[in-house]
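Peer 1: Starting off with a structure, shown below.
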Amino acid sequence: MSKWNRWIWGSIAILPFAAQAQIDLTTLDRDIAGQRAQVLVLGTVHLRYMPPGFDPASLEGVLGRLAAFKPDIITIETESGEECDLAARHAAKYGADYCPSTDAAMAATGLDVPAAIAEVDKTLKAWPAQATPAQRRRLGALFLAANDPASAYVQWLQLPEAERRAGDSLNAALVDKLADIGKRNNESYQLAARLAARLGLQRVHAIDNHTGDRIDVPDIKAFLRPVEAAWAVGGAALKERQQQEKALSQAPDLLPLYRTINEPEGLRVLAEASVVPAMRAKSAEGYPQMWVAGWEIRNLRMVANIRETFRERPGARILSIVGASHKPWFDSWLGQLQGVDIVGVAGVLK
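Numbering (mature numbering (1 follows the signal peptide of the UniProt record, and there is no 0)) for the sequence shown: -21 to -1, 1 to 329.
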């Protein structure tokens, strides 16, 4: 190599990374063949925290608008059966109570989680245009054994009232479980499952992931103290938004609440309140910054899980129902994927 070439390459090597050209990956799909996927990320409150007396009927306005969007795929913020099985096999790392037990469903079907997941996939590939009640009861039982209760509830809701009974692997204990699910204040059931059943979909897709945000520190309480102290800094704007949302959450129609929590300005306040103080906080161990890293890992893995749901369905319409704090990250990262357009919530909920 000549002296001149050595100087050139040496100069390039010491250039700051920020000064080097960045490749814009967002335009690689400009000549896409076929339809682009349409992804709608609906930020939601967690219904278990709703005021006493919450009535699922208050979600009817939201459900009607989401039904008009006509999603082909609906995702929910809960752990998948695969992740639950992984956690169960690594209890020393994730804890023995990472996911609820499927013992009752295994007793009814004879299948553990991996076997039940395989049987669900096999069943759905051969699913008829008009399923019988027996087929829906059997699939509901399989979903419960696969640690997918929301999808089991989708099947339950599509059964005629007279057919919501034991039979076809769905024993009395599982019938009671499904009846109990219908009473829970949980957006996976009261929003996602109800909408899926209304649209004639056979399932919802669990996309949450906590495998990367479990910080490995010697004292979790010591870890949380500086993180919570950081969140307490500059929270006036966030508290104002929370007070507004609290008032709206008591209305008989929750459509205005969902419009509000999905407004860009409110989402900006929420995102900044979560991350900015933590990144600025001083900690000898760097605990607040570790929390942000875990938050990013969780969101990245969730986004990848959403992408997987429509990998084999280019041009699909996807609705992702997730806690509002995740929405800014979902919109940003999903919007960078090839062949994907982000749908504005305001237009859907108007």
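Ideal Cβ placement from N, Cα and C applies to all residues, glycine included.
The structure presented is a predicted model; accordingly, all values stated were derived computationally and were not measured.
Assuming L118 is part of the beta strand (DSSP E), what are its boundary residues?
Peer 2: Note, L118: premise wrong, no beta strand (DSSP E); alpha helix (DSSP H) at 112 to 124.
Peer 1: With a threshold of 16 other CB atoms inside 10 Å of the CB of R204, please say whether the residue is buried or exposed.
Peer 2: It is exposed - the Cβ of R204 has fewer than 16 other Cβ atoms within 10 Å.
Peer 1: Closer than 6 angstroms by C-beta to V212: which residues in its own chain qualify, once you throw out the five before and the five after it? Chain order, please.
Peer 2: Once the five neighbours on either side are set aside, the close Cβ partners of V212 are P256.
Peer 1: On the CB-based measure, 16 or more other CB atoms within 10 Å of its CB, does I199 come out buried or exposed?
Peer 2: Classification of I199: exposed, given that the 10 Å Cβ count is below 16.
Peer 1: How would you write the range of the beta strand (DSSP E) that T54 sits in, first residue to last?
Peer 2: Start and end: 52 to 58.
Peer 1: Start and end of the alpha helix (DSSP H) containing I276?
Peer 2: Per DSSP, I276 belongs to the alpha helix (DSSP H) from 266 to 288.
Peer 1: How should R115 be labelled, buried or exposed, when 16 other C-beta atoms within 10 angstroms of its C-beta is the threshold for buried?
Peer 2: Counting Cβ neighbours within 10 Å, R115 comes out buried, since at least 16 surround it.
Peer 1: Let me know the beta strand (DSSP E) ranges lying completely inside the segment 31 to 103, each 3 residues or longer, listed in chain order.
Peer 2: For the segment 31 to 103, whole beta strand (DSSP E) runs of length 3 or above, ordered along the chain, are 52 to 58.
Peer 1: Of the choices R277, G294, R296, A145, whose alpha-carbon is the least far from that of W312?
Peer 2: Considering only alpha carbons, the answer is R277.
Peer 1: For A131 and A120, what's the separation of their Cα atoms in angstroms?
Peer 2: In a straight line, the C-alpha of A131 is about 7 angstroms away from that of A120.
Peer 1: Whole-angstrom Cβ separation of I300 and T23, contact assumed at under 8 angstroms?
Peer 2: That belief holds up - the Cβ atoms of I300 and T23 are roughly 6 angstroms apart, short of 8 angstroms.
Peer 1: Comparing C-alpha positions only, which one of L236, E39, Q315, P197 sits nearest to R9?
Peer 2: Measuring from the Cα of R9, the nearest candidate turns out to be Q315.
Peer 1: Following the continuous beta strand (DSSP E) through I186, name the residue where it begins and the one where it ends.
Peer 2: Taken as a continuous stretch (DSSP letters only), the beta strand (DSSP E) holding I186 covers 184 to 187.
Peer 1: Are the beta-carbon atoms belonging to A185 and L249 less than 8 angstroms from one another?
Peer 2: Not in contact: A185 and L249 (Cβ atoms no closer than 8 angstroms).
Peer 1: Could you say if the segment 98 to 107 and the segment 138 to 155 meet the contact criterion of at least three C-beta pairs nearer than 8 angstroms?
Peer 2: Output reads no: the segment 138 to 155 does not touch the segment 98 to 107.
Peer 1: In the DSSP assignment, find the unbroken beta strand (DSSP E) run with Q169 in it and report its ends.
Peer 2: Counting along the chain, Q169 falls outside any beta strand (DSSP E), and DSSP gives it neither H nor E.
Peer 1: When DSSP labels each residue in this structure, what does T190 get in the three-state scheme?
Peer 2: In the structure shown, T190 sits in coil (DSSP, three-state: anything other than H, G, I, E or B).
Peer 1: Exposed or buried, what is V99 when buried is set at 16 or more other beta-carbons lying within 10 Å of its beta-carbon?
Peer 2: With 16 or more Cβ atoms within 10 Å of its Cβ, V99 is classed as buried.
Peer 1: Between which residues of its own chain and A216 is the CB-CB distance below 6 angstroms, once the five residues before and five after are set aside?
Peer 2: Once the five neighbours on either side are set aside, the close Cβ partners of A216 are V248.
Peer 1: Since L298 is in the beta strand (DSSP E), which residue starts that stretch and which ends it?
Peer 2: That run of the beta strand (DSSP E) goes 296 to 302.
Peer 1: Around the Cβ of Q1, are there at least 16 other Cβ atoms within 10 angstroms (buried) or fewer (exposed)?
Peer 2: With fewer than 16 other Cβ atoms within 10 Å, it is exposed.
Peer 1: Spatial neighbours of A83 within its chain, please: CB distance less than 6 angstroms, with the 5 preceding and 5 following residues excluded, ordered by chain position.
Peer 2: A152.
Peer 1: If you follow the alpha helix (DSSP H) that Q134 is part of, which residue opens it and which one closes it?
Peer 2: First-last of the alpha helix (DSSP H) with Q134: 128 to 136.
Peer 1: Look up D320 in the DSSP assignment and give the residues it is bridged to.
Peer 2: Partner(s): Q17.
Peer 1: What first and last residue would you give for the alpha helix (DSSP H) that runs through I2?
Peer 2: No alpha helix (DSSP H) holds I2; DSSP gives it neither H nor E.
Peer 1: Do the segment 12 to 23 and the segment 215 to 231 touch if we need at least three Cβ pairs shorter than 8 angstroms?
Peer 2: Short answer: they don't touch.
Peer 1: Around the Cβ of G60, are there at least 16 other Cβ atoms within 10 angstroms (buried) or fewer (exposed)?
Peer 2: It is buried - the Cβ of G60 has at least 16 other Cβ atoms within 10 Å.
Peer 1: Is it true that the CB of A86 sits closer than 8 angstroms to the CB of Y77?
Peer 2: For Y77 and A86, no; Cβs fall outside 8 angstroms.
Peer 1: Please report how far the alpha carbon of F289 lies from the alpha carbon of K72, in whole angstroms.
Peer 2: Approximately 31 angstroms, taken between the alpha carbons.
Peer 1: Taking a contact to mean a Cβ-Cβ separation below 8 angstroms, would you say T81 touches A124 in this structure?
Peer 2: Closer than 8 angstroms, so yes.
Peer 1: If we ignore side chains and look at the alpha-carbon of each, how far apart do L149 and R117 end up?
Peer 2: Near 6 angstroms, if we compare the C-alpha coordinates of R117 and L149.
Peer 1: With distances taken from CA atoms, which of R193, W210, V319, E287 is nearest E275?
Peer 2: Ranking the options by Cα distance to E275, first place goes to R193.
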